Structure formats: structure tokens, C-alpha cells
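First up is the structure itself, then whatever we jot down about it.
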Amino acid sequence: MKAVVMPAPGGPEVLLYEDIQEPGLESPSQVKVQIRAAGVNPVDTKIRSRGVFMADGLQAVLGCDAAGVVVEAGEAVQHLEVGDEVWFCNGGLGGSHGNYAEFAVLDACLVRKKPTTFNFEQAGAAPLVLITAWEALFGRGRLAEGQTVLIHAGAGGVGHVAIQLAKSVGARVLTTVSSVEKADFVKSLGADEAILYTQEDFVEVVDRLTKGRGVDLVLDTVGPEVFAKSIPTVAHYGDLVTLLDPGGEQVWKEARNRNIRVGFTLMLTPMLRDLPEARDHHGEILEQCAELADSGKLDLRVSRVMPLEEAAEAHRLVEVGHTRGKIVLIP
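Okay, so the sequence shown: first residue is 1 according to UniProt numbering, each after it adds one.
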């Protein structure tokens, strides 16, 4: 089968479009999926440039996200059958192959039927960002109806689905964006307030919009500087959840004085630490997201669709940053 292979860490040019051995079922609990679309995520570019997570993980096939059609199912698989259109998040860290390929074989517990309202491109781009946003908002952040959340980089991959998930439970959503165009985009998704951080101090704006109280939850998708600056925007006894390492230079005094609960979300943990129950939960999250999508409460924006052999160029585009929505590769 055709796949994009990473033989060594480096720039986008290390990604090679080659023929590799097509995988087959190795246990009765697995399914084989013909991949119709594979999402490209920032973590893919970081693994490519820094190296894989798993020992002896080269040559690696990257890509955690995928959607496709079940072409073979093991005898123990009960919730899926040949011909089902599915989506999942698995592999791509080194070790087990990821989804920059024509086929994938994986445990069926990780695979769920995709939303009927999503095409393959949308479904292939969605799992990692949906699971990340869901765990950050509801698992770590305890977001509930009537609360207010500040979502940084609302036009990005995680941000634009986090806005919709937060609105689905009746939360008030404030979000930061870099341009008027992106402000219009996030408002079309349901954001109540779009803060242009290039023109305004988001701390001052949040203070004004919440009448000095602060927000119940901040979701940081950017990094240490934004994390630190967000602390005074959190209400007393509120939550600050980050997807990234906040760095070793943080000053925690104000966070402590506010009794803030700080949380971390790394949706790759179940794969990295081999936690089967947590991986099953990821499948359950995708089921709930499929219901939201099919009820018209969730959309996934794809910014660009590219052939699989252009994976290197897709990585270059992601590394430039400031994309709106997701980039998808088509085998």
C-alpha cells in the first residue's frame, strides 16, 4: 500500500511517499479500515521534527486522525461490520503505524461510526481535536450550563470545536482571535464574544465582560505566555486548563490567591501509557460527538484538502500557523 514514511527526524522534506506492506488483522478484536481521509495535527509536525515517542519507532507512519470504511472485522467485533463508515484516533507516535496511509488495522474499541452529516474529510480531521476539547472542557474543566469559558485561539483546530462543545451545554463563550475575519468565523460557530488580542488586552476585556468576576474556565491552546497572562482572568475557585507545558518560569502567587485549579490535557496519554480504559473512553467521546453533529450542534471546518503524497507541504502549512480549521490528506 502507499504511505508517507518518516525514516528520521527533520524538516518536512524527510517525509517520503512510498510503498510499504499492507497490514492484516492480528487478533479477533481488530478491524481493518480503508482510509479515506487523514487529519494533519500540530503534534504530527512536532514528532516529525523532534523524533517519535516510542523506542524503535522508525520508520514511522505519522497521523493520529482518520476516517474510512471497514473492509474486514475480526470475529470478536460486535459493534462494527464490513462497509461501515467510521472515524478514530490511533497510532502515529512511532510503534504502531499512523494514518498517512491507505489502510489501518486497530482494535475495534477505538473505532466508531462517523456522523452521517460529516463527509470523510470532516470526519478524518475531527477525532483528535474533538477528544482534546471534550476532555479539556468537561473532564478537566468541569464546564456546565450557565458558566463562562474563555477559549484561546478560537479559530484554530481545537478552538473552533471547543466553542461548539461549550455552547452545546449552554455555556457563555469568550474567545481570542487575531483578525476580524476570524472574529466573524468564531461568531458563526456560536461564540458570544470574539476578542481581537492583536488590538485589545484580553485581560482587560474579560474583566469588563465579566464585571470583574472573571471566567469559570480558561482553555489555553497557545503556551506559556498566554497561560501566565490568563491567570487573572479566572474567577476565584475557577479552572485553568492547558494543552501545553506552561514552562518553568511561572509565578503562581495569583493562581494560589484565587484558589485556581490548574489542569492539563494530553489526549495522547492513553496511547503513550497503554491505558485501555481511557482509550475506550475516547471511543465513547466520539459517539457523543457524532450525536451532536447529526443533531446540527457540531460542525468541523476543513481549511484545505490535499493528496497524501503532499504530506510534506501540509506540514509546512501547519508549521506556518494561524490556519482556520484543519488540513486533511486524501490517500
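Each residue gets a CB set at the ideal place from its N, CA and C atoms; glycine is no exception. Quantities reported herein were computed from a predicted structural model and do not represent experimental measurements.
- A check of alpha carbon separations from S168 across G83, F138, T175 and S27 identifies F138 as the nearest.
- Out of K297, A8, V40 and G10, the CA that lies nearest to the CA of G170 is found in K297.
- DSSP places Q199 in the coil class of the three-state scheme, outside both helix and strand.
- Following the DSSP letters along the chain, one finds E18 inside the beta strand (DSSP E) bounded by residues L16 to D19.
- Rounded to whole angstroms, the gap between the alpha carbons of T176 and Y100 is 32 Å.
- Minimum Cα-Cα distance from L217 among the listed residues Y197, D201, D192 and G263 corresponds to G263.
- Sixteen is the threshold: since fewer than 16 other Cβ atoms of the shown chains lie within 10 Å of the Cβ of R208, the residue is exposed.
- Beyond the five residues adjoining it in sequence on each side, R142 comes within less than 8 Å, by CB distance, of L217 and D239 in the same chain, given in chain order.
- Out of G24, A37, Q30 and G10, the CA that lies nearest to the CA of E309 is found in A37.
- With a threshold of 16 other beta carbon atoms within 10 Å, W252 falls short and is exposed.
- For the pair of segments examined, the segment 99–116 was found to touch the segment 22–31: the number of CB pairs separated by less than 8 Å reaches three.
- The beta-bridge partner set that DSSP reports for F120 is empty.
- Between L275 and T269, the alpha-carbon positions lie close to 8 Å from each other.
- A Cβ-Cβ separation of about 6 Å places L300 in contact with F118 under the 8 Å criterion.
- If the five residues before and after V234 are omitted, its C-beta is found closer than 7 Å to the C-beta atoms of G214, V215, V218, L240, R258 and I260, all from its own chain and listed in chain order.
- In this structure, the beta-carbon distance from P127 to D56 does not fall below 8 Å.
- Distances from the CA of F202 to each of L189, D220 and S188 were compared; the closest alpha carbon is that of D220.
- Measuring C-alpha to C-alpha distances from V318 to each of K2, I35 and D44 identifies D44 as the nearest.
- About 19 Å separates the beta carbons of G91 and S49, which is beyond the 8 Å limit, so they are not a contact pair.
- With a beta-carbon spacing of about 4 Å, A133 and A162 fall inside the 8 Å limit used to define contacts.
- DSSP, read as helix, strand or coil, puts M271 in helix.
- By the C-beta density criterion, G247 is exposed, having fewer than 16 other C-beta atoms within 10 angstroms.
- Shown here, K253 sits in a helix according to DSSP, grouped into three states.
- Remark: C-beta atoms of G68 and V82 do not approach each other more closely than 8 Å.
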